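Student: Have a look at this one.
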Amino acid sequence: MDNITFDLWFTEDGYSVSGGDEWAKNLHEKPIDNLFEYLKSSDAIENLGLEFLSSFAKEFLIKVQSIDSLLLESKITIEINDTIVNQILAAIPLYPGSEYIDKEWIEFIWNKMEIWCYKTIAAFKGSIEACLSSYLPSFNVADRSYFHLVETENEQYPFGFLTSYTTKVNNIVKHMPLSYALEEFKEDERALLHLLSIIFKASKKSEVLSKIIEEGEIFDPTYLTTSEAYNLLKHSSYFKECGIGFRFPSWWKQKNKIHSQAKIGDELQSNMGMQSLLSVSLNFVINDELLSEKDLLDLIGMEEGLVRFKNKWIEINHKRLQELLDQYEKFEALYGKGITFSQYLEMQRKGELDELFEDLTIEHGQWLSSFKNHKSLENKQLDITESFHGKLREYQYDGVNWLYNMFTSGFGTCLADDMGLGKTVQILAILGNLFENNILKNTLLIVPSSLIGNWDCEREKFLPSLPLYVLDKSEKILQQFDFEQKGLYITTYKMASLRESINTRFWDLIILDEAQAIKNPSAKQTKVIKTIESSRRIAMTGTPIENSITDLWSLFDFINPGLLGNKTEFTRLMKNTKNNPQIYSSLREVIQPFILRRLKTDKTIIKDLPKKIEKDMYVPLSTKQVLLYKKLVESATKQITEEKEGIGKNGLVLATILKSKQICNHPSQYLKGDEFKEKDSGKFLALKQLVEVIKDKHERMIVFTQYKTMIKPLCSYLESLFGYEGLYIDGGVSPKERSARVKEFNSDKYYPFMVITIKSGGTGLNLTSANHVVHFDRWWNPSVENQATDRAFRIGQTKVVNVYKFTCKGTIEDKINDIINNKKALSSSIIGKSEESTLSWITKLDDTKLKQLFAYSEN
Amino acid sequence: MNFYFENYSQMTMEELKRKSKQSSKKGYNPVIIEDRKIAKTWWGKKWCENLENYADYSSRIGRGKRYVRSGTVIDLKIEEGIIKGLVQGSRIKPYKVIINIKPLSKERKDEILEIATSQIDNLDSLMSGEFPEELSDVFLNPYHGLFPSPDEISINCNCPDWAVMCKHAAAVLYGVGARLDENPLMFFLLRSMDFNLFIKKSIEEKTDLMFKNIGANKQRLIPEEIAKNLFGF
Chain A
1 MDNITFDLWF
11 TEDGYSVSGG
21 DEWAKNLHEK
31 PIDNLFEYLK
41 SSDAIENLGL
51 EFLSSFAKEF
61 LIKVQSIDSL
71 LLESKITIEI
81 NDTIVNQILA
91 AIPLYPGSEY
101 IDKEWIEFIW
111 NKMEIWCYKT
121 IAAFKGSIEA
131 CLSSYLPSFN
141 VADRSYFHLV
151 ETENEQYPFG
161 FLTSYTTKVN
171 NIVKHMPLSY
181 ALEEFKEDER
191 ALLHLLSIIF
201 KASKKSEVLS
211 KIIEEGEIFD
221 PTYLTTSEAY
231 NLLKHSSYFK
241 ECGIGFRFPS
251 WWKQKNKIHS
261 QAKIGDELQS
271 NMGMQSLLSV
281 SLNFVINDEL
291 LSEKDLLDLI
301 GMEEGLVRFK
311 NKWIEINHKR
321 LQELLDQYEK
331 FEALYGKGIT
341 FSQYLEMQRK
351 GELDELFEDL
361 TIEHGQWLSS
371 FKNHKSLENK
381 QLDITESFHG
391 KLREYQYDGV
401 NWLYNMFTSG
411 FGTCLADDMG
421 LGKTVQILAI
431 LGNLFENNIL
441 KNTLLIVPSS
451 LIGNWDCERE
461 KFLPSLPLYV
471 LDKSEKILQQ
481 FDFEQKGLYI
491 TTYKMASLRE
501 SINTRFWDLI
511 ILDEAQAIKN
521 PSAKQTKVIK
531 TIESSRRIAM
541 TGTPIENSIT
551 DLWSLFDFIN
561 PGLLGNKTEF
571 TRLMKNTKNN
581 PQIYSSLREV
591 IQPFILRRLK
601 TDKTIIKDLP
611 KKIEKDMYVP
621 LSTKQVLLYK
631 KLVESATKQI
641 TEEKEGIGKN
651 GLVLATILKS
661 KQICNHPSQY
671 LKGDEFKEKD
681 SGKFLALKQL
691 VEVIKDKHER
701 MIVFTQYKTM
711 IKPLCSYLES
721 LFGYEGLYID
731 GGVSPKERSA
741 RVKEFNSDKY
751 YPFMVITIKS
761 GGTGLNLTSA
771 NHVVHFDRWW
781 NPSVENQATD
791 RAFRIGQTKV
801 VNVYKFTCKG
811 TIEDKINDII
821 NNKKALSSSI
831 IGKSEESTLS
841 WITKLDDTKL
851 KQLFAYSEN
Chain B
860 MNFYFENYSQ
870 MTMEELKRKS
880 KQSSKKGYNP
890 VIIEDRKIAK
900 TWWGKKWCEN
910 LENYADYSSR
920 IGRGKRYVRS
930 GTVIDLKIEE
940 GIIKGLVQGS
950 RIKPYKVIIN
960 IKPLSKERKD
970 EILEIATSQI
980 DNLDSLMSGE
990 FPEELSDVFL
1000 NPYHGLFPSP
1010 DEISINCNCP
1020 DWAVMCKHAA
1030 AVLYGVGARL
1040 DENPLMFFLL
1050 RSMDFNLFIK
1060 KSIEEKTDLM
1070 FKNIGANKQR
1080 LIPEEIAKNL
1090 FGF
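The listed protein sequences correspond, in order, to chains A and B. Per the working numbering, the first sequence runs over residues 1 to 859. Per the working numbering, the second sequence runs over residues 860 to 1092.
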């Protein structure tokens, strides 16, 4: 195995691997087989995902090892239980795709491992033990001896003891008394020696067991006194070490013994965000029942050993009881009055709560557990204001309710719903309420420049009464600006970090859209944005924020500073995850209440969701595009007014439309240049926003363009964004090659994108491996666009398809799009097959209307 | 002999390997050393240390190691009291090494039997290929140990070297060390001891102990009907 870098990410039904050498390819093709092969090899690869999978596979083998009948039965069943599931869940790393891992995912993989196990054992010539020990060196099938300790109804001898071994009787695995072994192994002295040696070894430490052997009681069921039973129970872990299965009553299990239990957060006093006080109460518990003070004193007065208490056996161990009492006093002194929310979260994050006192279990109180489950804090059911002109889906309403409650309780939040679930709408709905109730006066919304147009459109549509101010001017002009006006102030990340009149002001609320923009904590922009003062903060992002430790830290440093500690402290803590994967679960407990992330794949969401989500992306022009556009329009309108009606004029109009569309795509397309700089095109920047999310989720996209000349620039730009090669199809690709590329695109190998000219690939192709479709430029004909979209949105598609239609704001693209969207006003006959016939109505417009159509409108 | 010596020193490990490969035949049981170390277990290592006591010329030891690593021991058979090896040397035909080991005296056998059977789990470990370190005395004790002393071992090789332990014999003895690594029970075979006797004796002792008082505590015995209910089988 070389250290050739590979990408591994979890998917809905397992995991995928891309890149790397032969070994990584094999891992991708046969994930389960090769995961176990990896366990066999001594090489350790530094990869959090792989470490998680390895420990999962080890859990599986450990479970196999514990099966009684393993040595004898060829058909075994390997069942997963909740303890194992929880153990695995607790160790999920912060890693790409980890959001898919839930109970169902684990059970699904377990099932695959089970199949692998049967197959592997069947193919192996030799014992099961030998077969599986190569995967897990410590693999050691429990030997066939068992001790059984039970309660009896005999007063003198309240316990019964029996030694058994498992063997096949009439082809069924059975427990038999030890005496039977002398008969069975008469001819096989080595087997007998093995059986006996284990029992003798076990007797080395337990005087009661050696007495049982010496007095000839080992072969038959025997009555025991309470103190004899206690002696055996106390040696239970040693017996296990010797290879004996020990079955004892469940009250002896650790969790059923006396221990202390702290209940935190039955209630929260005051709504001061992180400074609010959580209630704490400490109790002693046995067998899930609370002990009173009197109970405890009674117990202390009893003699050591096993005693009957409230009709159950319990262990009296004075040393332990004393320790528990000491714990109680210490705990009472430290936390009896309650702890602040931030103190609690810090202890939780550092795993201190669990280590605080031995045998202390932590229970979440009523308030805390509902908080952790994103339930409304005081269960306020929010009335959405009438000024909000939209209809929220159920989950969107829940989201708004949650945002509102978190806001009023004083917590910063992160709305991290999957792409296409309508984060903007939810934010607008809560803004509607907060503004109407005069809770908010001024709110700063920071977005990537390519999204300003979108926000404006959505606000117009859903919350037209909310004034919106775009802050994109020079510092000098901004200083004259009246910031006292009530409303939503929108600006870009760049402006927010540069303009002092924005970043030195106090805001009621700051919202970051595409908040992954601040994921790099040491970037200057991030630092400045985090210094902007405000009473509340909300972050929006569609990327899985749990992919990386630093990203997560940086985001929380914005929404709830201090919650995850400072960066050095946090990094240090996360370094220990290798030895202590439980850190992940503590961390999740801490962050989860503040993040709301619903996936399109969630069962509760999907029923509420259309299978296809279309979105108009209103993209701003770059400075260069604006200049070129204005120049073109100026000379064209002049020519058009001079030209008389006729074919020449029609040609002129159509040529101008064509040229303006080229400028909207990229100045270099219009100027026939070679270099396609990202910053010169608003559409390129918008594409980048999309790719960030798609890349993090390892999904695939199709990009349709009308122009063959755009194929190459788009391909190389997308390749640079994804870091992976993609594919393309245009008129120059032979039919044979086309189908080869389609096949490749749909294969397991990760090709993140395919660029297609709409003429060559708008129909016929089946590209269901992609669930994102971008119409980079517009065909003006919805049915042609829909047909193209249907390359991905068709039978075989398992995901919700996102469609993005790029339109440059204020340009002819925008205006024609408006007209077509309102096509009720027009006769449907204007929409023709070819672009020319579709646009022929334009050539019939009079000069004034044409002028209006071409003119670039800034806002 | 000077000529012999020079001729020897010109044989590189690669040449030895190549030659040994050519001479290997079906049915041979060659010693293959894959790791840097000849023996990995503590008892295998002790054997290798001990065999140096047999050397009359210490220079043969290093050469023997080199030989066994080069795969020149193309056949090695360990039988009761005798080791037979074929070693590829500089000439075409491999050299024959025969090593005879005297059986232990009855008294010494009994002593070893006594020690080995005192702990039943030690025997169990031995059978699964582990030599418990608690039993190291069984080997190393100069009076009743399993390692043959120099006068209990006789070494023969048909090579022209005048040293009793020539490099071929040394290579064979190192090969034995590697074999013992895998199966410590071969020690007993080498000294003509029947390991099954150990097992028999040990089981007898233990079962005697277990049976001696069987049924003595009648009132503590759970009657069958009750037991069935309590234990469920």
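C-beta atoms are modelled at their ideal positions from N, C-alpha and C, and glycine is treated no differently. As the structure is a prediction and not an experimental result, all values here were calculated from the model.
For a contact defined as C-beta to C-beta under 8 Å, what are the partners of B/Ser1061 on chain A?
Tutor: In chain order: Leu193.
Student: What residues from chain B crowd round A/Asp220, counting only those whose CB sits closer than 7 Å?
Tutor: Neighbours of A/Asp220 on chain B, chain order: Leu1080.
Student: Among the residues of its own chain, which have a CB less than 7 Å from the CB of B/Lys878, if the five just before and after it don't count?
Tutor: Within the same chain, B/Lys878 has close Cβ partners Gln947.
Student: Between B/Ile979 and the rest of its own chain, which residues show a CB-CB distance below 7 Å, the 5 nearest in sequence each way excluded?
Tutor: Excluding sequence neighbours, B/Ile979 sits near Ser1061 and Lys1065.
Student: Which first and last residues belong to the beta strand (DSSP E) in which A/Ser18 is found?
Tutor: Here the beta strand (DSSP E) through A/Ser18 covers Gly14 to Gly19.
Student: Taking 7 Å as the cut-off, does the CB of A/Ser54 come closer than this to any heavy atom belonging to the ligand PLP?
Tutor: By its list of ligands, the structure shown contains no ligand whatsoever, and the ligand PLP lies outside what it can speak to.
Student: Going straight from the alpha carbon of A/Leu324 to that of A/Ile694, what length do you get?
Tutor: When rounded, the distance between both Cα atoms is 53 Å.
Student: Can you pull the DSSP bridge partners for A/Ser534?
Tutor: Beta-bridge pairing links A/Ser534 to A/Trp507.
Student: Since A/Thr225 contacts A/Tyr100 with CB under 8 Å, what's their CB separation in whole angstroms?
Tutor: Between A/Tyr100 and A/Thr225 the Cβ distance is about 55 Å, and since that is not below 8 Å, they are no contact.
Student: Just to confirm, are A/Phe435 and A/Ala636 a CB contact at a threshold of 8 Å?
Tutor: Going by C-beta atoms, A/Phe435 is not nearer than 8 Å to A/Ala636.
Student: Do you know offhand how far B/Phe1046's Cα is from A/Thr167's?
Tutor: Roughly 33 Å separates the two Cα atoms.
Student: Using only the alpha-carbon positions, how far apart do A/Tyr493 and A/Thr413 sit?
Tutor: Rounded to the nearest angstrom, the two C-alpha atoms are 19 Å apart.
Student: Does DSSP put A/Ile830 in a helix, a strand or coil?
Tutor: Low local confidence applies: a pLDDT of 48 at A/Ile830 is under 50, so the model's placement there is unreliable, with the coordinate-based value given in what follows. Helix at A/Ile830.
Student: If we define contact as Cβ-Cβ less than 8 Å, is A/Thr226 a contact residue for chain D?
Tutor: Here chain D cannot be found, since the structure's protein chains are A and B.
Student: To the nearest whole angstrom, what separates the beta carbons of A/Phe341 and A/Met274, a pair I think is in contact under 8 Å?
Tutor: That pair is a contact at about 5 Å.
Student: Note down, in chain order, every chain A residue with its Cβ under 8 Å from the Cβ of B/Lys1071.
Tutor: Within 8 Å Cβ-Cβ: Glu214 and Gly216.
Student: Under 8 Å, Cβ to Cβ, is there at least one residue of chain B near A/Arg588?
Tutor: Chain B, which has no Cβ nearer than 8 Å to the Cβ of A/Arg588, makes this no.
Student: Tell me, to the nearest whole angstrom, how far the beta carbon of A/Gly390 is from that of A/Leu415; I am working on the premise that it is less than 8 Å.
Tutor: Not confirmed; about 16 Å, so no contact.
Student: By the 10 Å Cβ neighbour count, where 16 or more other Cβ atoms means buried, how is B/Met872 classified, buried or exposed?
Tutor: That one is exposed.
Student: Which bits of chain B does A/Thr152 rub up against, with CB to CB less than 9 Å?
Tutor: Ile1081, Ile1085 and Leu1089, listed in chain order.
Student: Taking 6 Å as the limit between beta carbons, can you name the residues of its chain near A/Lys612, skipping five residues before and five after?
Tutor: If we look at A/Lys612 and ignore the five residues flanking it on each side, its Cβ neighbours are Phe793 and Val801.
Student: Alpha carbon to alpha carbon, what distance is there between A/Lys630 and A/Lys849?
Tutor: Taking the straight line joining both Cα atoms gives about 17 Å.
Student: Just to confirm my understanding: we take B/Lys1059, look at its own chain, exclude 5 residues before and 5 after, and list those with CB closer than 6 Å. What are they?
Tutor: Hits under 6 Å: none found.
Student: Check the C-beta distance from A/Leu428 over to A/Phe407 and give it rounded, since I have them as a contact under 8 Å.
Tutor: Not a contact, Cβ separation roughly 14 Å.
Student: List, in order along the chain, the chain B residues whose C-beta lies closer than 7 Å to that of A/Phe200?
Tutor: Neighbours of A/Phe200 on chain B, chain order: Ile979, Asp980 and Lys1065.
Student: Does the Cβ-Cβ distance between B/Cys1016 and B/Arg919 come in under 8 Å?
Tutor: Going by C-beta atoms, B/Cys1016 is not nearer than 8 Å to B/Arg919.
Student: Specify, as a first and last residue, the run of the beta strand (DSSP E) that A/Trp9 falls within.
Tutor: A/Trp9 -> beta strand (DSSP E) spans Phe6 to Thr11.
Student: First and last residue of the alpha helix (DSSP H) that includes B/Cys907?
Tutor: Unbroken alpha helix (DSSP H) run through B/Cys907: Trp901 to Leu910.
Student: Taking just the CA atoms, how far does A/Trp779 sit from A/Thr763?
Tutor: The alpha-carbon atoms of A/Thr763 and A/Trp779 are separated by roughly 14 Å.
Student: If distances are taken between C-alpha atoms only, which option among A/Asn503, A/Glu293 and A/Trp507 comes closest to A/Ile439?
Tutor: The residue with the shortest Cα to Cα distance from A/Ile439 is A/Trp507.
Student: Is the beta carbon of B/Trp906 sitting closer than 8 Å to the one on B/Phe990?
Tutor: No, these two residues do not count as a Cβ contact at 8 Å.
Student: Mind checking which residues open and close the alpha helix (DSSP H) that includes A/Arg738?
Tutor: A/Arg738 -> alpha helix (DSSP H) spans Pro735 to Phe745.
Student: Just the chain A side, please: which residues come within less than 8 Å of B/Leu1068 by C-beta, in chain order?
Tutor: Result: Ile213 and Glu214.
Student: A/Pro752 to A/Ala770, Cα distance in whole Å?
Tutor: So the two alpha carbons sit approximately 8 Å from each other.
Student: Check the Cβ of A/Glu189 against every Cβ in chain B and list those closer than 8 Å, keeping chain order.
Tutor: Simply Asn1055, Ile1058, Lys1059 and Ile1062.
Student: Please check the pair A/Arg536 and A/Leu509, which I expect to be a contact at CB under 8 Å, by giving their CB distance rounded to whole angstroms.
Tutor: With a Cβ gap of about 5 Å, A/Arg536 and A/Leu509 count as contacting.
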